[in-house]
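Here the protein sequences line up with chains Z and P, keeping their order. Count the first sequence with numbering that gives the first Met the number 0 and you get residues 0 to 218, in order. Count the second sequence with numbering that gives the first Met the number 0 and you get residues 0 to 218, in order. Think of the CB as a built atom: it goes at the ideal place given N, C-alpha and C, for glycine as much as any other residue. Here's the structure, in structure tokens; my notes come after.
There are 2 protein chains.
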Amino acid sequence: MKDQKELMNLPHKTIERLSQYRRALLICVDEGRTHIYSHEIAKIQHITPVQVRRDLMLIGYSGTLRKGYNISELINLIGTIIDSEKVTNVALVGVGNLGRALIKYFNGKRHKLYIAAGIDINPEKIGKDYYGIPCYGPEDMERIIKEKDIRIAILTVPVQNAVESAQRLVDAGIKGIVNYTNKPLNVPSGVYLEEYDMVTTLEKVAFYVKLGEMEKGKD
Amino acid sequence: MKDQKELMNLPHKTIERLSQYRRALLICVDEGRTHIYSHEIAKIQHITPVQVRRDLMLIGYSGTLRKGYNISELINLIGTIIDSEKVTNVALVGVGNLGRALIKYFNGKRHKLYIAAGIDINPEKIGKDYYGIPCYGPEDMERIIKEKDIRIAILTVPVQNAVESAQRLVDAGIKGIVNYTNKPLNVPSGVYLEEYDMVTTLEKVAFYVKLGEMEKGKD
DNA sequence: AAACTTTTGTTATAAAAATAACATTGTTAA
DNA sequence: TTAACAATGTTATTTTTATAACAAAAGTTT
């Protein structure tokens, strides 16, 4: 593996793909495989084999000629790059349908990321467990974040609570936020913000479907 | 506005941003505003004003000097570009937590995209309505897709059903799929596939948080 | 009214990302 | 044993995306 300094220079897209490679590789392990070729990874990810090899070159991993890459070695190496040494605790703010989907979907999938607490304003939810994760009230948010050393928050509250929740998370010392609400947020530098809007995704698909139909109509 | 042919040449990233601009502009309309500057849009989207102006140039929209852009005009223009003329019907395959979150989140947000049917394997859900959307059984999938002229599907089934569901959707003539399951899919050319994995998003945030802490640790 | 300011729109440049080209090397097969 | 093959690893090139530079014009200030 390469020097830690070089990690910082990895392209953003490579970081994303490493996470995706690992996901695919974990499935391969379950299927009992030990080795995989770059063109197989590429097929799964809908990218080119060159891109796979280039990414692996960047992290300093070498496969075996004509045997491909050792899957478990590669999984471990990707782990040393993108994971923290210790488990990173995550708070889920907003335990509605989306929030519960995330807990269920995420639970146990990655060793180094753990949704350690749900937070919700609904009194009926406070004190309950959801798929094994305890739900706290908003008044306990700051305390729980400190007690559990939570660094990252997933924001799945209703849009009208998004800004206030984000502000409180930042004030409580959160260092990263994944915002699934409809409202673009602002955070100070030093806090990493990732926003995802399902409407945009769907609109993009709709656009390219429309484009495809226009292309076909031309013939 | 520009010629339809030019639409096809719009950069992919511009398409995504147009959707996001519209989202932001719709919020501004609700706030009663009529005009907006490029640097204001930029601030909301965490990008540069130049990028905003360049995107708008690409779609052939002109603002007014020192007054900025007319919000409702711009919303309409973006609509003519990314929306279809008629409403595009969408099927939601898998009415679990995530599926229901999507219906609720999406319903009524965009005039030209409509989740017209939910499909689920669970007999208790079949025949029920979820936030106004009827849920059908898998045996009715092909029929409903044809009857309602559904072009696009959102896949939110449990991972073990993902491959089979996708295959049936493709066979039924679906032209676009948004895959929220954990399993990378394969579709024939002519079907537009967009995959989104929440784990990758969270891992990316965790990585950059870690990087930020490493940077700080150096001082 | 002249100089300055602010904002748009466009072209030019730089940076990032993806792809292509190709060298290398075990392995297989004639 | 030598040629062909199939795979990796790296450098070079192209494409895409983002940023910078700057011209133009409408308004503001002195």
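Is residue i close to chain P? Criterion is C-beta to C-beta, closer than 7 Å.
| i | result |
| --- | --- |
| valine 186/Z | no |
| arginine 142/Z | no |
| isoleucine 149/Z | no |
| lysine 145/Z | no |
| threonine 13/Z | no |
| asparagine 178/Z | no |
| lysine 124/Z | no |
| tyrosine 20/Z | no |
| glutamate 202/Z | yes |
| methionine 56/Z | no |
| asparagine 96/Z | yes |
| valine 51/Z | no |
| proline 137/Z | no |
| glycine 78/Z | no |
| leucine 168/Z | no |
| glutamate 163/Z | no |
| glycine 59/Z | no |
Taking DSSP as the reference, what is the three-state secondary structure of residue i?
| i | result |
| --- | --- |
| asparagine 69/Z | strand |
| threonine 79/P | helix |
| isoleucine 102/P | helix |
| asparagine 121/Z | coil |
| proline 137/P | helix |
| threonine 199/P | helix |
| aspartate 148/Z | coil |
| glutamate 214/Z | helix |
| serine 188/P | coil |
| leucine 9/P | coil |
| alanine 41/Z | helix |
| lysine 46/P | The amino acid at residue 46/P is misidentified as lysine; the sequence shows isoleucine. Coil, per DSSP. |
| valine 208/Z | helix |
| glutamate 30/Z | coil |
| valine 162/Z | helix |
| valine 94/P | coil |
| isoleucine 14/P | helix |
| alanine 23/Z | helix |
| isoleucine 74/Z | helix |
| isoleucine 143/Z | helix |
Is there a Cβ from chain Z that is less than 7 Å from the Cβ of residue i?
| i | result |
| --- | --- |
| serine 37/P | no |
| leucine 154/P | no |
| glycine 107/P | no |
| isoleucine 114/P | no |
| alanine 205/P | yes |
| lysine 127/P | no |
| proline 183/P | yes |
| threonine 199/P | yes |
| glutamate 30/P | no |
| threonine 87/P | yes |
| serine 83/P | yes |
| tyrosine 130/P | no |
| tyrosine 191/P | yes |
| leucine 24/P | no |
Which one or two residues does DSSP pair with residue i in a beta bridge?
| i | result |
| --- | --- |
| tyrosine 113/P | Asn88/P |
| tyrosine 129/Z | Ile132/Z |
| valine 177/Z | Ile153/Z and Glu193/Z |
| isoleucine 35/Z | Tyr68/Z |
| threonine 63/Z | Gly67/Z |
Please name the residue, chosen from the options, that lies closest to residue i on a Cα-to-Cα basis.
| i | options | result |
| --- | --- | --- |
| lysine 108/Z | Lys182/Z, Val208/Z, Thr199/Z and Ile26/Z | Ile26/Z |
| arginine 52/P | Leu17/P, Thr79/P and Ser71/P | Leu17/P |
| valine 174/Z | Asn160/Z, Lys182/Z and Ile153/Z | The sequence as given places lysine at residue 174/Z; valine does not occur at that position. When each option's Cα is compared against that of lysine 174/Z, the closest is Ile153/Z. |
| valine 186/Z | Thr200/Z, Gln166/Z and Asp196/Z | Gln166/Z |
| isoleucine 113/Z | Glu15/P, Asp196/P, Asn96/P and Leu201/P | Sequence check: residue 113/Z is tyrosine here, not isoleucine. Cα-wise, what sits closest to tyrosine 113/Z is Leu201/P. |
| lysine 182/P | Leu210/Z, Ile43/Z, Ile102/Z and His110/Z | Ile43/Z |
| glutamate 123/P | Gly131/P, Gly78/P, Gly136/P and Lys147/P | Gly136/P |
| isoleucine 102/Z | Lys145/Z, Tyr129/Z, Ala161/Z and Leu64/Z | Tyr129/Z |
| asparagine 69/P | Val156/P, Ile40/P, Gly211/P and Leu9/P | Ile40/P |
| glutamine 19/P | Gly67/Z, Glu194/Z and Glu214/Z | Glu194/Z |
| asparagine 160/P | Thr180/P, Asp148/P and Glu146/P | Thr180/P |
| histidine 110/Z | Ser188/Z, Gly78/Z and Val28/Z | Gly78/Z |
| proline 10/Z | Arg21/Z, Val28/Z, Pro133/Z and Gln50/Z | Gln50/Z |
| proline 48/Z | Gly31/Z, Glu30/Z and Gly67/Z | Gly67/Z |
| valine 177/Z | Gly93/Z, Glu30/Z and Tyr60/Z | Gly93/Z |
May I ask whether a heavy atom of the ligand SAH can be found less than 6 Å away from the beta carbon of residue i?
| i | result |
| --- | --- |
| valine 177/Z | The model on display carries no ligand, and the ligand SAH is accordingly not part of it. |
- Message: Counting beta carbon pairs with one atom in the stretch 25-39 of chain P and one in the stretch 86-103 of chain P, are three or more of them shorter than 8 Å?
- Response: Contact between the stretch 86-103 of chain P and the stretch 25-39 of chain P is absent, because fewer than three Cβ pairs lie under 8 Å.
- Query: Between the stretch 44-60 of chain Z and the stretch 111-118 of chain Z, do three or more beta carbon pairs fall short of 8 Å?
  - Reply: In short, these stretches do not touch, since the Cβ pair count stays below three.
- Is the stretch 189-207 of chain Z close to the stretch 72-85 of chain P, with three or more CB pairs under 8 Å? Taking a cut-off of 8 Å on C-beta distances, the stretch 189-207 of chain Z touches the stretch 72-85 of chain P, as three or more cross pairs fall below it.
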